[in-house]
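Numbering (the numbering used here), first residue to last: 13 to 257.
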């Protein structure tokens, strides 16, 4: 599956999961949570604890893990990466409050998928599904390649790697073409994935992040006094299946 979601796609998921929706910020993260949740429910809804699911890079958002922790064998992996936007907080204390206390049935691991410095204690060939939500866009291409390769090793044959990759117009098609290539190179098949020349977003209808979130959160590394808007962010949802052999 390869999808640049429209606002109609977002709204269809919102109707599925919220009975009294209200406007909110961080639209892309919310879409990713709902899209991953829907894929898991639709693909594994009839299974139980024999289904093994891993969220990588959950940060302080336990929503999807909480939704499935009592039904499936759910794992989560993340670690403090020293991000500037976390400088003012105690990362470990917040992790305890927002993740550990909310996920009593989740197997939690500290570490980073694809990292040689913060090695995650995770079994290879174990998981039926691995997902991430709006995190892989934050890393440079060599790290992205390492994340996809490691995730592929963690999956069972036939398992799924799904999630969202946020992207700006000026990142298309080069960044997305490489993202797709990293999947192909590791035996992960995305049905409907286009060739580089056909990667296209219809910005009239695309789900886009609120510009104030982009300016105040996404662009936090740029000096406040000279900060200039670099363009709208949308997201890409992909679902890739590991080849059986």
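Cβ coordinates follow ideal geometry from the N, Cα and C atoms, glycine included.
Closest residue to residue 32 among 23, 40 and 190 (Cα-Cα distance): 23
Span separating the alpha-carbon of residue 131 from that of residue 123: 5 Å
Contact belief for residue 13 with residue 204 at Cβ below 8 Å, rounded distance in angstroms: 6 Å
Residues bridged to residue 65 [DSSP beta-bridge criterion]: 86 and 141
Helix, strand or coil at residue 170 [DSSP, three-state]: strand
Sequence-distant residues of the same chain with beta carbon closer than 6 Å to residue 74, five excluded per side: Result list for residue 74: 111, 114 and 115, in chain order.
Boundaries of the alpha helix (DSSP H) in which residue 187 is found, first to last residue: 186-197
Beta-carbon gap between residue 247 and residue 25 smaller than 8 Å: no
Rounded straight-line distance, which links the Cα of residue 177 to that of residue 54: 21 Å
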